[in-house]
Every structure is written in structure tokens, then in C-alpha cells.
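Q: Mind having a look at this structure? Questions to follow.
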Amino acid sequence: MADELIFYTNPTSRGQIVRWMLEEVGAPYEQRLLDYDTTMKAPAYLAVNPMGKVPAIVHNGHVVTECAAICAYLADAFPDANLAPAPAARADYYRWLFFTAGPVEQAITSKHLGFEPNGEQQRSAGFGSLGATLDALEGAVAGKAFVAGDSFTAADVYVGSQIDWGLQFGTIPFRPAFEAYAAPLRERAAYKRAKEVDNGLIAEMQAANPG
Numbered sequence: 001m002a003d004e005l006i007f008y009t010n011p012t013s014r015g016q017i018v019r020w021m022l023e024e025v026g027a028p029y030e031q032r033l034l035d036y037d038t039t040m041k042a043p044a045y046l047a048v049n050p051m052g053k054v055p056a057i058v059h060n061g062h063v064v065t066e067c068a069a070i071c072a073y074l075a076d077a078f079p080d081a082n083l084a085p086a087p088a089a090r091a092d093y094y095r096w097l098f099f100t101a102g103p104v105e106q107a108i109t110s111k112h113l114g115f116e117p118n119g120e121q122q123r124s125a126g127f128g129s130l131g132a133t134l135d136a137l138e139g140a141v142a143g144k145a146f147v148a149g150d151s152f153t154a155a156d157v158y159v160g161s162q163i164d165w166g167l168q169f170g171t172i173p174f175r176p177a178f179e180a181y182a183a184p185l186r187e188r189a190a191y192k193r194a195k196e197v198d199n200g201l202i203a204e205m206q207a208a209n210p211g
């Protein structure tokens, strides 16, 4: 029996990260598009993700939410795609995948919402400060083609998406190391296929709601 893989998303969401990962995996999936104010908050979807947020996947009846978790899960669920290092070589893979999902995401969101912890508050905030997290992230990718070893992995999908998105929208300041890391990732066939799908869906949404 073939794997059943359902992908819940909205093209203007972090679902773009998972779309890229799905394209890297190459497994067929069923897409279910949700609207922020209606179907994303409806009982049917809340039964999948009580947070009422996308993306989420359901793979053979098992629900996975949170982009970093979905990327890691798909890498393990579809090992033929070779998107995860061998178990003994996963230190950097887990470290930077979840550092970016945790401190980097928190620091960027806090800055966007107008909150920057002072020196004393930084001791309690898991991310410390935006500057500290970006310095650490820069150190992780500087001079490297891939963030976790000598080959492309699911960690590059997630870390690369965050850097690519941040540079595009200004939530991550330009640094040469960030651009040097992100630029080759944008040339990957799976990245381009994913962007083509999501950009097409966004264009359709805009045409349907020109106001």
C-alpha cells in the first residue's frame, strides 16, 4: 500500500518550507489549502492541529506539526532521499536545525513585535539577543555549502529557508556569509519547483481578491 501523505498549508505561510522539503523528498502528497480566518480555525483542522496554524502533515494517519519537526520527520520517513546524515553524524544536523527553529525564530519574532530584552532580561530569554543568535547562525554557515556536513540535508531546507526568507523580507540583516550560503540553495531544482507552486497559488489568490 502506498504511503498516504497529506499536506495542510497556505502559500503565504511557513508552509513554503515544508513544500520545499516535500519536493526534495519526491514523494507524492495530497495538498489541502487552508484560509487563515475560516478553514484554519474550523473544527476539522483543529482536530489535526489545535493551534489552528499551518503547516501540518498527516503521514499514514500520524500528525506532525512545526516546520523543523516536519523536515526531520520526512527525512527519516523517506530515507531514499538521503536528507539526513547517518545517526552517528547528526550532532550538527540536530544542533543547527533546532537552534534555528528555537532561538533564531524567537529572536526574530520578538524584534518584529517590538520587544528586545535588556541585559538582565537576556539571562532569562532563551535566545539572549537577536545579535547573539545571528552571530551564532553566521558562524554555523560561514564558508560552508551545507550546515551539517558535506552534503545537503533537511537542516539546509529549514536553516536555508529561514535565512532566505529573512534576507528577502529584511528580518535578517544582510551579511555576506548568509547570502553566500543561501544563493546556491535557491538554485536547487526542488526549491525552484516549490517556489513555482506557491507563487502560482499566491497569484491565484491575488487575482481572486484584487482589493
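The sequence shown begins at 1 in full-length UniProt numbering and counts up by one. Using N, Cα and C, we set each Cβ at its ideal position, and we do this for glycine too.
1) Going by beta carbon distance, what residues of the same chain come within less than 7 angstroms of TYR73, once the five residues before and after it are set aside?
2) Relative to the alpha-carbon of GLU4, which residue among PHE99, ASN60, GLY114, ARG14 has its alpha-carbon at the smallest distance?
3) Measure the beta-carbon distance from THR100 to VAL159 and round it to whole angstroms, keeping in mind my assumption that it falls under 8 angstroms.
4) Thinking C-alpha only, which one of ALA42, PRO43, VAL48, ILE57 is nearest PRO28?
5) Spatial neighbours of MET1 within its chain, please: CB distance less than 7 angstroms, with the 5 preceding and 5 following residues excluded, ordered by chain position.
6) Check whether the Cβ atoms of ALA148 and TYR93 lie closer than 7 angstroms to each other.
7) Look at the alpha carbon of GLY15 and the alpha carbon of CYS67, and state the distance between them as a whole number of angstroms.
8) For SER151, which option in PRO176, ALA81, GLU116, GLU204 has the closest C-alpha, if you only look at C-alpha atoms?
9) Which class does LEU113 belong to by DSSP, given the choice of helix, strand or coil?
10) Mind listing, in chain order, the continuous alpha helix (DSSP H) runs of no fewer than 4 residues lying wholly within the segment 41–99?
11) In whole angstroms, what is the alpha-carbon distance linking ARG186 and GLY26?
12) Give the DSSP-derived three-state secondary structure of ARG123 in the structure shown.
13) Cα-Cα, which of GLY126, ALA177, ALA154, ALA125 is closest to GLU138?
14) GLU30 bridges to which residues according to DSSP?
A: Well, looking at it:
1) Numbered from 1 along the sequence shown, position 73 holds the residue referred to as residue 73. The residues are VAL64.
2) Indexing the sequence shown from 1 puts residue 4 at position 4. For the residues PHE99, ASN60, GLY114, ARG14, the minimum Cα distance to GLU4 belongs to ASN60.
3) Within the sequence shown, the letter at position 100 stands for residue 100. Within the sequence shown, the letter at position 159 stands for residue 159. Sure, about 5 angstroms apart at Cβ, within 8 angstroms.
4) Residue numbering aside, residue 28 sits at position 28 when the sequence shown is read from its first letter. Ranking ALA42, PRO43, VAL48, ILE57 by Cα distance to PRO28 puts ILE57 first.
5) Taking the sequence shown and counting its residues from 1, one reaches residue 1 at position 1. Reliability of the predicted coordinates at MET1 is poor, the pLDDT of 39 falling under 50, and the value obtained from them is presented with this limitation in mind. None.
6) What you label residue 148 is simply residue 148 of the sequence shown in a count that begins at 1. What you label residue 93 is simply residue 93 of the sequence shown in a count that begins at 1. Yes, the Cβ-Cβ distance between ALA148 and TYR93 is below 7 angstroms.
7) Working through the sequence shown from its first residue, we reach residue 15 at position 15. Working through the sequence shown from its first residue, we reach residue 67 at position 67. Straight-line Cα distance between these residues: approximately 8 angstroms.
8) Within the sequence shown, the letter at position 151 stands for residue 151. That would be ALA81, whose Cα lies nearest to the Cα of SER151.
9) In the sequence shown, residue 113 corresponds to position 113, counting from 1. In the structure shown, LEU113 sits in coil (DSSP, three-state: anything other than H, G, I, E or B).
10) 43–46, 67–77, 91–99
11) Taking the first residue of the sequence shown as position 1, residue 186 is located at position 186. Taking the first residue of the sequence shown as position 1, residue 26 is located at position 26. Straight-line Cα distance between these residues: approximately 17 angstroms.
12) As a working mapping, residue 123 is identified with position 123 in the sequence shown. Three-state DSSP puts ARG123 in a helix.
13) Working through the sequence shown from its first residue, we reach residue 138 at position 138. The option with the nearest alpha carbon to GLU138 is ALA177.
14) In the sequence shown, the residue the question calls residue 30 occupies position 30. For GLU30, which the question treats as bridged, DSSP gives the partners ILE6.
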